[in-house]
Amino acid sequence: MSGLNVSIIFFFSVVTLCEFARRFFKRIFPSKVYFCFAGELASSFQICACYLELKMLREIGPWGGGFGPDVSLTLLFVIFLAHGASFDGTAANPVASLQEFLALDCSFVGSIVKILAQFLGMEAACVFTKKYWSKEFTHFHMIQNLMAQDCSSSLNTSISQGIFVEGMGSFLFQLIILKLHTCSPMYRVPIVALSITALTYTGMLLALFVYQGNIPRFFQTNLLYSQKKKYRIFKGKVTSNSVVEERQTKTEKKNSSSGLIN
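Numbering (the working numbering), first residue to last: 15 to 276.
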C-alpha cells in the first residue's frame, strides 16, 4: 500500500499548493481578474493533476497494487469533496464556462479568458504530473512511464460508443449542476461529489455493456450482438482411417499381382 500512500500525499500536496496559490492571487489581483483568470488557472491545475494521478491508480492499481475499484471510487469522492470546498467560486470546467455565457451570466470576453485559463492550467498540470512520474517514487510510476511509451488509446472502446457514454454522463452531470445552482454549498458540494462518483461507476457499467453486450459478472447472455461462429463447419461424409487403410491394402495387392504376372 506504499504506492497508494504516496498518491494520497500527492493529492494533499496539490490541493494545499493550489489553495495557497488562490489565496495569494486573490490578494494581488482585482476580483475580476482573479475569478476570470488566476482562480481558474489554479483550480484547473488542481483538478487535472489529481485526475491524472487517480486515472493512473485506477488503471494500474487492480493488478499492480492489489486494490479494486472501491478504492479509486472512494478517492474520487474525497477528491471532489476537496475540490468543491476549495474552488472558491471558480468552475475549472470549459463546459461550465460556456454554459455561463449561454445563460448570460458572463460576457463573451470573460468566458474566453476563463476557458483559456482553464486550458493553460490543465496543460501545466500535465507537464507537472509527467515530470513527477518520471521521478518514479513508486512502482506505479515506473509502470506508468513504460505504458506511456505505447501510443494506445485510453478510451478502451470505439469512438462512437465513447462519445455516447461521455455525452450521457455530461448531460446528467450538467443537469445536476443546474438543479443545485442555488443550493447552499454545504449541501451542493457533497451531492455533486456523490453524483460524479455514481456517474463514473454507472458510466463504466454502461460502457462495458455497450461494448460487449453483457456484463459477465452479472449475466452472460449477450443482449446487443449476435454470436457468430468462429469456424465454418463443412458438411459431408467423413472417411474413416480404416476405410483408407483398406483401400491402400487393395492397391498394394493389385500392384504385387501385376508384378508376378509380368
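All C-beta atoms in this analysis are idealised placements derived from N, C-alpha and C, irrespective of residue type, glycine included.
Could you tell me the alpha carbon to alpha carbon distance between Lys40 and Lys193, rounded to whole angstroms?
29 Å
So, for Ala207: in the same chain, excluding its five sequence neighbours on each side, which residues have a beta-carbon less than 7 Å away from its beta-carbon?
Phe91, Phe94, Leu95, Gly98
Which residues bound the alpha helix (DSSP H) around His155?
153-162
When burial is assigned at 16 or more other CB atoms within 10 Å of the CB, is Ala162 buried or exposed?
exposed
Quick check on this structure: which residue in Gly80, Gln188, Met70, Lys145 has the alpha carbon closest to the alpha carbon of Ser111?
Gln188
At which residue ranges does the segment 49-109 contain complete alpha helix (DSSP H) runs of 4 or more residues, listed in the order of the chain?
53-78, 83-100
So, is Glu67 buried or exposed, given that buried needs 16 or more other C-beta atoms within 10 angstroms?
buried
Quick one: is Thr235 buried, meaning 16 or more other Cβ sit within 10 Å of its Cβ, or exposed?
exposed
Of all the options Lys46, Leu71, Asn228, Phe59, which has the alpha carbon lying nearest to the alpha carbon of Ile22?
Leu71
Is there contact between the segment 37-57 and the segment 172-184, where contact requires at least three CB pairs shorter than 8 Å?
no
Go through its chain and collect everything with a Cβ distance to Cys120's Cβ below 6 Å, but skip five positions before and after it.
Glu114
Would you identify the three-state DSSP class for Asn19, choosing helix, strand or coil?
helix
On the three-state DSSP scale, how would you describe Lys244?
Note on Lys244: pLDDT 41, under 50, position unreliable in the model; the coordinate value appears next. In the structure shown, Lys244 sits in coil (DSSP, three-state: anything other than H, G, I, E or B).
What distance in whole Å lies between the Cβ atoms of Glu33 and Ser100, which are believed to be in contact at a cut-off of 8 Å?
5 Å
Taking 8 Å as the cut-off, decide whether the C-beta atoms of Leu220 and Gly227 are in contact.
no
Nearest-angstrom beta carbon gap, Phe59 and Ala138 [assumed within contact, 8 Å]
5 Å
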